[in-house]
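Below is one structure, written out as structure tokens, with a few remarks after it.
2 protein chains.
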Amino acid sequence: MEDMEIRSKLWIEVGGRPVFGRGRRFLLEAIDKYGSINRAAKEINISYRKAWGYIKAMEERLGFKLIERQTGGKNGGGAVLTEKAKRFLKKYEELECGIRESVDDKFRRVFKDNSL
Amino acid sequence: MEDMEIRSKLWIEVGGRPVFGRGRRFLLEAIDKYGSINRAAKEINISYRKAWGYIKAMEERLGFKLIERQTGGKNGGGAVLTEKAKRFLKKYEELECGIRESVDDKFRRVFKDNSL
DNA sequence: GTCCGTTGTGGGAATTTTGCATAACGAAAA
DNA sequence: TTTTCGTTATGCAAAATTCCCACAACGGAC
Chain A
2 MEDMEIRSKL WIEVGGRPVF GRGRRFLLEA IDKYGSINRA AKEINISYRK
52 AWGYIKAMEE RLGFKLIERQ TGGKNGGGAV LTEKAKRFLK KYEELECGIR
102 ESVDDKFRRV FKDNSL
Chain B
2 MEDMEIRSKL WIEVGGRPVF GRGRRFLLEA IDKYGSINRA AKEINISYRK
52 AWGYIKAMEE RLGFKLIERQ TGGKNGGGAV LTEKAKRFLK KYEELECGIR
102 ESVDDKFRRV FKDNSL
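Protein chains in written order, with this note's numbering: chain A, 2 to 117; chain B, 2 to 117.
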């Protein structure tokens with residue numbers, strides 16, 4: 002059983018539906034960095050279609066606009082995070098910080114004494 | 002944003018495939034309690050088919066037998082956990098213990114100051 | 001007007017999950 | 001010996017979900 006590994010997931014729901022998690026976090030961070038949903042999606046290895054669906058659902062369920070988009074124009078357009086989105090993202094980063102590490106630690110302590 | 006809630010999930014993988022998590026934990030606990038896969042599945046509100054699939058995958062991926070089954074006979078048969086399964090289950094319970102609570106706490110600390 | 005890299009979206013394909021239906025089993029009772 | 005009963009076992013179709021292809025619209029730069 003040496004290839005066992007622990008995995009953990011953390012997400013926020015609204016009305017019982019997922020609204021934010023690690024994947025969406027990476028998406029927003031990448032959009033913030035690159036100014037483009039398309040580019041961001043490529044960067045984190047998901048399809049544009051999927052990224053677009055994430056954003057749509059997030060905005061609907063959270064009830065506020067996360068991303069200011071512009072279609073056409075210089076460079077074809079682009080996207081930037083709203084201030085509210087940035088504040089939300091920051092909070093989520095803070096929430097997530099340290100949790101995975103502590104889960105990994107506990108896993109190692111409990112499961113890695115090589116008995117079963 | 003008052004109906005936001007945090008959710009977390011913890012599971013073990015082998016070869017990149019899920020092997021054990023909260024649902025399977027409940028399943029094994031119920032089998033241990035009732036001595037029947039069928040009864041256990043009803044108790045935790047999943048179909049027998051699903052429970053059976055869980056067990057099959059767990060045993061394949063973990064590489065050892067979790068459940069001793071008997072078909073036919075008194076009461077139609079039944080199922081009991083192997084000793085190894087009991088030890089594994091115990092470890093998982095220990096691993097999971099406290100993690101959800103600490104996640105909830107952190108969520109409350111970070112997100113419940115009502116600003117965004 | 002053409003080009004380019006965006007955003008926006010329908011809808012079908014592919015995959016995963018779900019659960020219905022039914023067979024096999026074997027001790028105990030009839 | 002035969003019937004009964006509540007199990008385990010599993011194929012397969014249907015339902016649900018996820019994924020992704022293909023194309024439209026946009027508008028500044030050239």
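Glycine included, C-beta positions come from ideal geometry on N, C-alpha and C. The structure presented is a predicted model; accordingly, all values stated were derived computationally and were not measured.
Range covered by the beta strand (DSSP E) that runs through residue i
| i | result |
| --- | --- |
| S37/B | Run containing S37/B: none; DSSP gives neither H nor E here. |
| S9/A | 5-15 |
Boundaries (first-last residue) of the alpha helix (DSSP H) holding residue i
| i | result |
| --- | --- |
| G54/B | 49-63 |
| L1/B | Here chain B covers residues 2 to 117 and nothing more, so residue 1/B does not appear. |
| I45/B | Segment: none, I45/B is in no alpha helix (DSSP H) and carries neither H nor E. |
| K107/A | 100-112 |
Local Cβ density within 10 Å of residue i, reported as buried at 16 or more and exposed below that
| i | result |
| --- | --- |
| K34/A | exposed |
| S116/A | exposed |
| F21/B | buried |
| R70/A | exposed |
| R25/B | buried |
| W12/B | buried |
As assigned by DSSP and simplified to three states, the class of residue i
| i | result |
| --- | --- |
| L117/B | coil |
| G24/B | helix |
Sheet register partners of residue i (DSSP bridge)
| i | result |
| --- | --- |
| G73/A | DSSP lists no partner for G73/A. |
| A80/B | R70/B |
Anticipated Cβ contact below 8 Å, residue i with residue j, distance rounded
| i | j | result |
| --- | --- | --- |
| K107/B | I100/A | 7 Å |
| R18/A | R62/A | 6 Å |
| I32/B | Y49/B | Actually they are not in contact, since the Cβ atoms of I32/B and Y49/B sit about 12 Å apart, beyond 8 Å. |
| A80/A | L29/A | At roughly 10 Å, the Cβ-Cβ gap does not stay under 8 Å, so A80/A and L29/A are not in contact. |
| T83/A | L67/A | 6 Å |
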